[in-house]
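Residues in the sequence shown are numbered from 514 upward in steps of one, following this note's numbering.
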Amino acid sequence: MTLSRSDMAALVARDIPDGAYVNLGIGQPTTVADHLAPERGIVLHTENGMLGMGPLNEDDPDPDLINAGKQPVTELPGAAYFHHADSFAMMRGGHLDVCVLGAFQVSAGGDLANWHTGEPGAIPAVGGAMDLAIGAKEVYVMMSLFARDGSPKLVPACTYPLTGLACVSRVYTEHAVFHLGPSGVVVAETFGTTVGELRARLAVPLLGGE
Numbered sequence: 514m515t516l517s518r519s520d521m522a523a524l525v526a527r528d529i530p531d532g533a534y535v536n537l538g539i540g541q542p543t544t545v546a547d548h549l550a551p552e553r554g555i556v557l558h559t560e561n562g563m564l565g566m567g568p569l570n571e572d573d574p575d576p577d578l579i580n581a582g583k584q585p586v587t588e589l590p591g592a593a594y595f596h597h598a599d600s601f602a603m604m605r606g607g608h609l610d611v612c613v614l615g616a617f618q619v620s621a622g623g624d625l626a627n628w629h630t631g632e633p634g635a636i637p638a639v640g641g642a643m644d645l646a647i648g649a650k651e652v653y654v655m656m657s658l659f660a661r662d663g664s665p666k667l668v669p670a671c672t673y674p675l676t677g678l679a680c681v682s683r684v685y686t687e688h689a690v691f692h693l694g695p696s697g698v699v700v701a702e703t704f705g706t707t708v709g710e711l712r713a714r715l716a717v718p719l720l721g722g723e
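Following this line, the structure appears as structure tokens:
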């Protein structure tokens, strides 16, 4: 069976190093917070000015305690607040170990397109994605492997406007986890499919599964 979004979030949470400073992007990535055990010492950063963010809080929301996507969140012991400019200085200055982002496309070379599809009438929304893509030490992407029309989102080269070049190191999808690097795209794990089936559907050369 393919993975649910919760399963994907659990895999991402599993692979984040203990003690890391992490930014979770808007959308699917925010659910990773629900799978991080406190004893692992992972500190979540949100670009609107907070370190030590906890899981989402839909049951008893505080309107003054939100993440960058305007979702109500919790604070963990030791949480700190700061100016928006300081938050972006953390992002741009290489102080984040990992950021987790959604994507419209990821190329085999690790290029990221996640802010605009280029469609007429679409509203572009880059936010802090460019800063995160170039500033974080590692960029993980959570996305569906195929668009609604069945076209692959892991592609030889992005056709949508780029967010960052050669910045993505891992891609988590419902069908497989991919590691991206100088040697190419490596299939680390598959779910409900095989590497051979993925090769038949993707135009990207895939390593692994031999």
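Glycine residues also receive a C-beta, built at the ideal position from the N, C-alpha and C atoms.
Please report the Cβ distance between residue i and residue j, rounded to the nearest whole angstrom; I am assuming they are in contact, meaning their Cβ atoms lie under 8 angstroms.
i    : j    : result
I555 : G532 : 7 angstroms
A679 : F691 : About 15 angstroms separates the two Cβ atoms, so there is no contact after all.
Span of the beta strand (DSSP E) holding residue i?
i    : result
H692 : 689-694
M563 : 563-569
V619 : 618-620
R500 : Residue 500 falls outside the range modelled here, since the chain spans only 514 to 723, and no answer is possible.
A592 : 586-594
V698 : 697-703
L614 : 611-614
Hey, could you find the ends of the alpha helix (DSSP H) residue i is sitting in?
i    : result
V708 : 708-714
A550 : From DSSP, A550 is part of no alpha helix (DSSP H); its letter is neither H nor E.
L537 : From DSSP, L537 is part of no alpha helix (DSSP H) but of the beta strand (DSSP E) over 534-537.
H597 : 597-605
L524 : 518-528
Under a Cβ-count criterion, where at least 16 other Cβ atoms within 10 Å of its own Cβ denotes burial, should residue i be classed as buried or exposed?
i    : result
I529 : buried
M514 : exposed
P590 : exposed
F595 : exposed
P542 : buried
A635 : exposed
G677 : buried
E687 : buried
R683 : buried
T707 : exposed
A713 : exposed
D644 : buried
S664 : exposed
G623 : buried
T660 : Sequence inspection shows Ala at residue 660; the Thr mentioned does not correspond to that position. The residue is exposed, with fewer than 16 neighbouring Cβ atoms inside 10 Å.
Is residue i helix, strand or coil by DSSP?
i    : result
H558 : strand
G648 : helix
P718 : coil
M656 : coil
A626 : strand
P665 : strand
| said: For the structure I just gave you, are there three or more beta carbon pairs, one from the region 597-606 and one from the region 556-576, closer than 8 angstroms? | reply: yes
| Between the region 645-659 and the region 610-617, are three or more C-beta pairs nearer than 8 angstroms? | yes
| Validate contact between the region 710-719 and the region 656-674 using beta carbons, cut 8 angstroms, 3 pairs | yes
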